[in-house]
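Please read the structure below before turning to the comments.
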Ligand SMILES: Cc1ncc(C[n+]2csc(CCOP(=O)(O)OP(=O)(O)O)c2C)c(N)n1
Ligand SMILES: Cc1ncc(C[n+]2csc(CCOP(=O)(O)OP(=O)(O)O)c2C)c(N)n1
Ligand code: SF4
Ligand code: SF4
Ligand SMILES: [Mg+2]
Ligand SMILES: [Mg+2]
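Chains as they are written, first to last, in our numbering: chain A, 1 to 284; chain B, 1001 to 1284; chain C, 2001 to 2581; chain D, 3001 to 3581.
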């Protein structure tokens, strides 16, 4: 049975603003699923709270619209319960880098086989435009009407030093490239982190800004196995802004280090009559 | 009036295990205060929950023993309320890197003038020895009796890429060096991060391990203004483990960017009869 | 009831300026000497969907919107489909002549339809489409024969940041006005004569809370945005330099509350505002504030739950949560203003109480209170004074060493802030002795628990002796009482007016302090009540459970609503009529 | 009462092996056919301070320790100073002859003092100082003329991981035994003859909960350590390979609960255990579990609060918090086992209920229950069966598209896990329609709130129809009733024995299900009760507030204790005697 784009549509009306970068991310993700021909039942999408969070309503696969900031722990639980699922989290920059920040370094060093896509529009979209950890310094938002006083965070550098085994940046203005990134991330065994530059048409429209600056690491012969080089590229943020895969390495995933997970997924094990008597030895 | 070490003692009985690395941190901190001759009333110590958290009971300055993981936000609030206070936070590796992790990158990029000392014993001490984010892979703890399956976090690299303006590592086995680090951190204007290798005598005794390996960055002519070099040093963790100041740079502190903070500390402003009528313009 | 009651509704997609138009009209009527209550209804999205602003105007004080409308401004067809049923007989509809719809259907319902070339006029002016609403606003002024100049002054002020924008909107409004005058004449719908502007304010619950904080001397405000509390942040961020108040949006709500506690520990009065999910993240630190005896003011703006629920819709589902949040047992105030005016005064009060008793104070609002507009008289600042707690300023003069948790008769220990000469201020989230050192001694634990209990008893007295802890409206002697808390007050007060007009006299008991619970005052007030009708915007009747718990008395009748929408006066009226029957 | 009641207390500094010795003795008596309840008392530190293990042994089932002790093993002088007052007349004290203390003072109090060269023997053996306690344990066996071999078998097993350590301790115990036999003879204190070993277990509440989880088919356990819940983590981490259960310690409690919810969403039964502060951090996600209708089991092991409080001491201060945690209103079970045996069966039950109703289930324990040892018969696995909820396995066979939130009569929708063929499983923390798509529609909101309410009603029935939701002990007909919940059960049951011996017959009503509250069952049970005595380990009497709320009935008398220490039977006895007078 082939999977088609049409099958991935849902009945929900899309409520993103016209021109929103989220549309491209949605398209790219659906295309990636089609190109990889992954059965719908095998995919679970976890979304945070924010404009990006509506993503799950718009793609006809299993989905979990969780509370603000908790995409990664939910994804981790799902993957442990059923390692055969393809588990992809979608967060916003607020969701991921503000309230949810603590989960990233830990998911990364754990190397759980979960894909994590951050819709980085550098703004809280759904709450009508406040500052986030990636809003550039000086930018005026509803909560910083006189300019953001804080230095922005560097998400790629953070993911890299946290030990993520796949670190990439996409741009919502380039669907084909993003589709490719999603496919690579899904094929990668381990934690895959993709920060997507996603213009917020309404509150922080960066289309032109990024379109003029982004270039592809693939085009410049970047060595994705070189950690130091990746880190250097993560700091390139001026006239030229790289997109593509910064770093990729194969390491044992968290699931692979757990012998309990060998064999059938936990969710499918027989639990009808567990013999606890073997634990009595500790109680006598 | 001169401040003496004796004045910094309290009536509380110290309940750390004999041989605990915390003793050295306490001594070094008191010495630093004495050497800098800072009036006791001007210092506030904030401590997390863990063995390290008892620190505040043992030094006769203002102190706030907060809940697990919240040293940095409490410290930030204090500094904003009274910028003239010297605000020093003491966390454990569990407190700082597990439950409290989300606050570090943000305090760092905000560059709040707060000092942050992490008693990094690579173990949850007070809860009797479970794994933490800095426990090396494979180490057996009460919660990982078959060996820690996760890669440890690199706290210095994390602090560096988060934008901390002062990043250092100390060793509880070298009180004189630690005293110097504390003094430098206090003198630094901005967020100062010090990870202290603190052997836990009872659950993870690393005295010998570190004593054999640590060397001082000052001794090898490390350039503390070179960010890339600092990051490289942060990854040096084998036969040789550097201690000392990795990186230092002067940037505007968060307080300096806020014009409201010019003049008297907020805590001392007259609030008896605030004229709110000037805000009525927004309500008509 | 006031001689004039006029209800309008403006509808359109998110992004069409519905909220701004509604607010400008509310301000227009207020400047024109009228009273308004206006509500904005919107789903959680930025563009598209359906938003509407629904408001009632009167010549006497008004507390709630009424359901049936006199005038609909339809910026799209959807508005007609959704709201036609609310239109009164002979009510008017302003509709963009570019919109395709079935006019005869409207007229069959008795509507007076005014097709106005909103889009056409905007195009002529070369303005953005969003300016359509100004045309409509201008048109509406003509329909009710209101002074156009008042509207124009509001537009100029509201949009004045960028002059050219203000001017194009002014022009648009004028065109809308003239179009109606020319085509239909003035006052076709009715005539509302402007009265003198007495300086009243149009304020939301959120703005009232923000203003209350400023008045109370709050120097630090921390918040992570969350609907419906975010506007407090926006308001304060805007005026931060005018009031020298530090406004910070940290990484999450856990940081927010801990920063606030840290700040007040160091002497800066602090507040935070959030909604359910954010409050959940703050619960651990609320217990910390109680244990360390550091004051803090927490605004919990409720929305429809559980969990993410319906973020932009209203509910009163978090009362019990606010009362019992955090482990262990400790005194706290929980205060629920019923309208924006109360919200201002009670916020000032909250700061004073927090410092007097060194406890956390939770102010409970909800979306309907927090985001709706109310016309209120300028505040009486004599009734909103800063009262400091037992604080030690500058230098501690005691002969013995300073003890942050000194045992006193009333359980309250004099509070020094760090930096105070001669005082070392040690606070501790662990159980501690008088000096603040941690100890697990059994005797000490009992002493300290009793110290906190004495504060609770004192707080109970404060509440029992305070007229404002329970308010009674309507016929105080009536054996029939409505009981409620928070924003339902508005609909209930309006219902009381309607009922009175019908000759039905009941009283309304508004419980303002929920913790400590004003048990004795309520016992007195409810003594002769035969029929007690509970009105709440929730599923289980949480105030009802408090009445059971504290008064051992259950409400006789329940009027509960839990679809995210506030009560309308007529719903309360129907229920009361059912009860009296 | 049983013919034999023997109470021992071992005291020393943290690090002297007090807990291990106490536990080994408890196991020794259990293997010897006796029943034990043993409590460990320790402050929150790792070395130094004062720890003691306090236990009562009987030949019939026992539920609590008794205050007065027959035998004190003093590993340091502090133990003598602190516990002498507990010693019965003619009670024995084993003391290290190296310790300096005032022997005559002890003897003046009627104590029999046995100076034993604990340190001396250890030195002779060339063992670590900590081995002193094994000498003392051996000596105690001689004093009561118990079979030394039983103790030795326990030592061998407990310390068997490293054989040489086990053997040196065995040797130490033998020496202690012989020393007493030689110096004083056997059975100087009393004679307790071993009975046959009937395979009973010595189990803590924590271990019972862990075992219950394993039995219930839990495949994933997540926890961030927190006293007193951490031992659940340690126990499960140890047996993770034996049971193929994944045990993860994530970065914080927020991650913990969300991982658990994620895991059960994907089909793996999951549990978490924590204490107050960690639970506070979980509150937001508990509402999420309710809204998404994903089952989850949360163990809340209470300790003395508020805030960090006294982390290693007991309390029942979090009942109301557990009942109302998280914004909005939703059904949840809150279940409080009274002893370790109940904890096992109720944990299995908790998993079944969570899945049957697709709701969060909170199991309330406390330090006294969670960490104390109790002798229990091996579990009856027929009474602890896995019952799966309405789940769809393998393939969804429905003719229409799968709807995760399908509206059904009972409010429960068939649950498929992702990976199920033909089913797309969409869950949503926002209000949603039957398919799981977010919507803020008013009608839908009401339908969904009512769906959740129907589940609550069904749960209420479940509780009312379940014998275990309220248990009655003692004289069922007595007009005097003690009422309580959780770990106070132990002291109350022991008190009942004592009272019965005095001819005072009262009944004890144990409320096991706190939510939904078993109102009807309690009404029946309490109908003829004249004097209702509430016993709680907290400041405000929280179960009392529930009785008021649900039964409109207040307790007549209160026995509250809030110094971090559990009740002793004699405290309950005194209070009852006061009440009956
Ligand atoms: C605990 C909690 N705090 C705050 C909110 C309010 N909130 C909803 S969306 C959002 C910001 C979303 O920003 P981002 O993650 O960048 O998503 P975007 O809308 O930009 O896609 C916030 C703060 C919430 N839902 N929960
Ligand atoms: C919210 C919360 N979760 C868990 C705990 C339990 N707890 C107390 S101390 C501690 C670990 C401390 O480890 P670390 O910060 O490394 O301090 P150390 O004892 O090693 O100095 C934990 C998990 C707590 N107090 N609060
Ligand atoms: S507000 Fe921004 S991010 Fe949200 S839907 Fe609109 S354009 Fe997209
Ligand atoms: S347990 Fe470790 S960290 Fe804690 S006091 Fe003892 S040696 Fe120090
Ligand atoms: Mg965003
Ligand atoms: Mg540690």
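A virtual CB, placed ideally from N, CA and C, is assigned to each residue, including glycine.
Query                                                                                                                     : Result
Residue 3312/D Cβ short of 6 Å to ligand 4 heavy atom set                                                                 : no
Complete alpha helix (DSSP H) runs within the segment 160 to 223 of chain A (minimum length 4 residues, chain order)      : 175 to 187, 207 to 213
Beta-carbon spacing of residue 2368/C, residue 2487/C below 7 Å                                                           : yes
Residues in the segment 2304 to 2328 of chain C having any Cβ partner in chain D nearer than 8 Å                          : 2304, 2305, 2306, 2307, 2308, 2309, 2310, 2311, 2312, 2313, 2315, 2317, 2318, 2320, 2321, 2323, 2324, 2325, 2326, 2327, 2328
Interface residues of the segment 3412 to 3427 of chain D facing chain A [CB-CB below 8 Å]                                : 3417, 3418, 3419, 3420, 3421, 3422, 3423, 3424, 3425, 3426, 3427
Residue 1051/B Cβ short of 6 Å to ligand 2 heavy atom set                                                                 : yes
Candidates 2348/C, 2370/C, 2416/C, 2409/C, of which the one nearest residue 2387/C by Cα                                  : 2348/C
The segment 2513 to 2525 of chain C / the segment 3511 to 3523 of chain D touching (three or more Cβ pairs under 8 Å)     : no
Exposed unless 16 or more other CB atoms sit within 10 angstroms - verdict on residue 118/A                               : buried
7 Å Cβ cutoff, residue 1303/B in contact with chain C                                                                     : The requested residue 1303/B is not part of the displayed model; chain B covers only 1001 to 1284.
Cβ neighbour criterion (16 or more within 10 Å) applied to residue 274/A                                                  : buried
Residues near residue 1198/B in its chain [Cβ-Cβ closer than 7 Å; skip 5 each side]                                       : 1021, 1022, 1025, 1119, 1120, 1121, 1172
Where residue 3304/D falls, given that 16 or more other Cβ within 10 Å makes a residue buried                             : buried
For residue 2116/C, the first and last residue of its enclosing alpha helix (DSSP H)                                      : No alpha helix (DSSP H) holds residue 2116/C; the beta strand (DSSP E) holding it covers 2112 to 2116.
Per-residue DSSP class, three states only, for residue 2149/C                                                             : helix
DSSP bridge partner residues for residue 1127/B (one or two, in chain order)                                              : According to DSSP, residue 1127/B bridges with nothing at all.
Proximity test, residue 1127/B beta-carbon vs ligand 4 heavy atom, cut-off 6 Å                                            : no
Residue 101/A: contacting residues in chain C (beta-carbon distance under 9 Å)                                            : 2251, 2252
Residue-chain proximity (residue 2358/C, chain B), Cβ-Cβ < 7 Å                                                            : no
Coil, strand or helix - residue 995/B by DSSP                                                                             : There is simply no residue 995/B to check, as chain B begins at 1001 and stops at 1284 in what is shown.
Any 3 or more C-beta pairs closer than 8 Å across the segment 231 to 242 of chain A and the segment 205 to 221 of chain A : yes
Assigned secondary structure, residue 3475/D (DSSP; H/G/I helix, E/B strand, else coil)                                   : coil
Through-space distance from residue 3154/D to residue 3020/D, alpha-carbon basis                                          : 11 Å
Residue 2409/C beta carbon near ligand 5 (any heavy atom closer than 6 Å)                                                 : no
Local Cβ density within 10 Å of residue 2302/C, reported as buried at 16 or more and exposed below that                   : buried
Proximity test, residue 16/A beta-carbon vs ligand 3 heavy atom, cut-off 6 Å                                              : yes
Residue 3138/D to residue 3122/D span [Cα, whole Å]                                                                       : 13 Å
Neighbour-count burial assignment, residue 201/A, 16 or more Cβ in a 10 Å radius                                          : buried
Contact with chain C by residue 63/A, beta-carbon distance below 7 Å                                                      : no
8 Å Cβ cut-off: residues of chain C touching residue 127/A                                                                : 2225, 2226, 2227, 2230
Contact under 7 Å by Cβ, residue 2088/C with residue 2059/C                                                               : no
Spatial distance of residue 3425/D from residue 3473/D (CA atoms)                                                         : 47 Å
Strand pairing of residue 2366/C, partner residues [DSSP]                                                                 : 2302/C
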